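Structure first, commentary second.
Residue numbers (this note's numbering): 136 to 431.
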């Protein structure tokens, strides 16, 4: 899920049993509160993908990887011009297939981290330069940093922040990568820490805080958790903030799409869309967590 202006874009998903997937770009208009399917032309992706990544740079969306209907990991890479509703296939000469990876953007660069591929879980980090259309592999974290999928990847203060994920067991560690120094650092956090999890919703708000909601806390499908947490990246303290305008928020769910978003009033928040409930049922609700303030 990604935002361009006041439009929210979503691509790729898991659908209920018996329903065939599609490769449509879904668009939610914040002003009208209506969903639509964006008409598309150009190099339209041929497949519906699960566990793909989506980021926005300016008015262009970038979609990479995912798992197809045959459970094969893909390395398809496309851009989508939101002003023209036009797809363009892009090169993937350096990066291998993967799904349930994490993506983020800094300036005109797209970063892809971790995920699962045909050879297993990954902890590699790649960058795609949108101007030169070239992929490069960046330094990988050290031996003590486990490979993972279903992690959060966000940009705060020019650094990439990697949160939690799954490596045979659920993880609760936090790391940063400085693109200028090409250096990984493990971050020790404190406070009301979320339990280990993967497949959670997360977003950066107020410039220096990372929100986390829900996720899967064990490998069994029904081990889905709720809870909303805020990490202050300056104090490195977590705070549990479980109120959505006076109510306790959506029911526990995992594998939601999520992104940062500023409302019409300019207040930061997190959008959460879809996901899987404890019953394994899929849902299509769209929620907005508006941040009035975090105390930590």
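Think of the CB as a built atom: it goes at the ideal place given N, C-alpha and C, for glycine as much as any other residue.
Keep in mind that this is a model prediction, so the values were computed, not measured.
According to the DSSP assignment, residue 309 belongs to the beta strand (DSSP E) that extends over 305 to 313.
Annotated three-state conformation of residue 158 is coil, per DSSP.
A straight-line Cα-Cα distance of about 11 Å links residue 173 and residue 218. With contact defined as three or more Cβ pairs closer than 8 Å, the segment 254 to 272 and the segment 230 to 237 are in contact. Taking residue 210 as the centre and dropping the five residues before and after it, the same chain places the C-beta of 199, 200, 227, 230, 231, 232, 233 closer than 8 Å to its C-beta, in chain order. Per DSSP, reduced to three states, the secondary structure at residue 344 is strand.
Secondary structure at residue 211: strand, using DSSP grouped into helix, strand and coil. Distance from the CA of residue 163 to the CA of residue 193, rounded to the nearest whole angstrom, comes to 17 Å. Under the DSSP assignment, residue 418 falls outside any beta strand (DSSP E); it carries neither an H nor an E label.
Sequence-distant Cβ neighbours of residue 394 in its own chain, meaning closer than 8 Å and more than five residues away, are 136, 137, 138, 143, 338, 405, 406. Cβ-Cβ distances below 7 Å link residue 145 to 136, 161, 392, 408 in the same chain, with the five nearest sequence neighbours on each side left out; the list follows chain order. Annotation: the continuous beta strand (DSSP E) that includes residue 271 extends over 269 to 273. For residue 307, the closest alpha carbon among the candidates 319, 427, 413, 331 is that of 331. Cα atoms of residue 342 and residue 326: separation of roughly 20 Å, rounded to the nearest angstrom. DSSP, read as helix, strand or coil, puts residue 183 in coil.
In this model, residue 278 and residue 401 are separated by some 42 Å (Cα to Cα). Residue environment: residue 285 is assigned as buried (16 or more neighbouring CB atoms within 10 Å of its CB, all protein chains considered). Per DSSP, residue 394 is one residue of the beta strand (DSSP E) stretching across 392 to 397.
Closest by C-alpha distance to residue 283, out of 297, 348, 290, 293, is 297. Cβ-Cβ distances below 7 Å link residue 235 to 186, 250, 251, 284, 285 in the same chain, with the five nearest sequence neighbours on each side left out; the list follows chain order. Taking C-beta separations shorter than 7 Å and ignoring five residues to either side along the sequence, the partners of residue 178 in its chain run 213, 222, 223, 224, following chain order. Judged by DSSP secondary structure, residue 365 falls within the beta strand (DSSP E) whose first and last residues are 363 to 367. As DSSP reads the structure, residue 241 sits in a beta bridge with 244. Taking 8 Å as the cut-off, the Cβ atoms of residue 288 and residue 238 count as close.
A contact is defined here as three or more CB-CB pairs under 8 Å, and the segment 407 to 422 meets this definition with respect to the segment 343 to 357.
Contact check for residue 424 against residue 371 fails: the beta carbons are separated by 8 Å or more. Close CB contacts of residue 255 within its chain, under the 8 Å cut and outside five residues either way in sequence, are with 282 (chain order).
The DSSP-derived three-state label of residue 195 is strand. Between residue 147 and the set 335, 257, 203, the nearest pair of CA atoms involves 203.
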